[in-house]
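**Q** Structure incoming, see below.
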Amino acid sequence: PYTKALCSAVPMPDPDSERTRKRILLPGDPPSPLNPPSGCTFHPRCSHAEERCQAAWPSFESLKNDGHQAACIRLGELNQ
Numbered sequence: 001p002y003t004k005a006l007c008s009a010v011p012m013p014d015p016d017s018e019r020t021r022k023r024i025l026l027p028g029d030p031p032s033p034l035n036p037p038s039g040c041t042f043h044p045r046c047s048h049a050e051e052r053c054q055a056a057w058p059s060f061e062s063l064k065n066d067g068h069q070a071a072c073i074r075l076g077e078l079n080q
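In the UniProt record's numbering, the protein residues as written are 1 to 80.
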């Protein structure tokens with residue numbers, strides 16, 4: 001979810017595409033680095049967060065054989 005929101009924030013060079021595309025707007029403010037939330041630090045702003053996201057930090061897992069990784073407890077469910 002974090003990467004999808006981040007990618008949707010990148011401007012597009014084509015003005016027509018830029019006007020019509022949908023951005024993912026995250027609710028709330030980023031957490032304080034001095035007082036981060038428990039578990040996944042993205043869970044307070046994630047639309048897919050569940051209670052278990054608050055309990056444990058997700059480990060990084062490979063997405064494909066291309067060297068990319070993601071850290072999300074729900075990666076298998078959401079990786080589409």
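We put the CB at the ideal spot given by N, CA and C, even for glycine.
Keep in mind that this is a model prediction, so the values were computed, not measured.
1. For the beta strand (DSSP E) holding residue 61, just list the boundary residues, first then last.
2. Is there contact between the region 60-70 and the region 36-45, where contact requires at least three CB pairs shorter than 8 Å?
3. Measure the Cβ-Cβ separation of residue 38 and residue 24 and say whether it is below 9 Å.
4. Name the residue from 52, 11 and 66 whose alpha carbon lies nearest to the alpha carbon of residue 72.
5. Just reading off the beta strand (DSSP E) that residue 71 is part of, what are its end residues?
**A** So, to answer that:
1. 60-62
2. no
3. no
4. 52
5. 69-71
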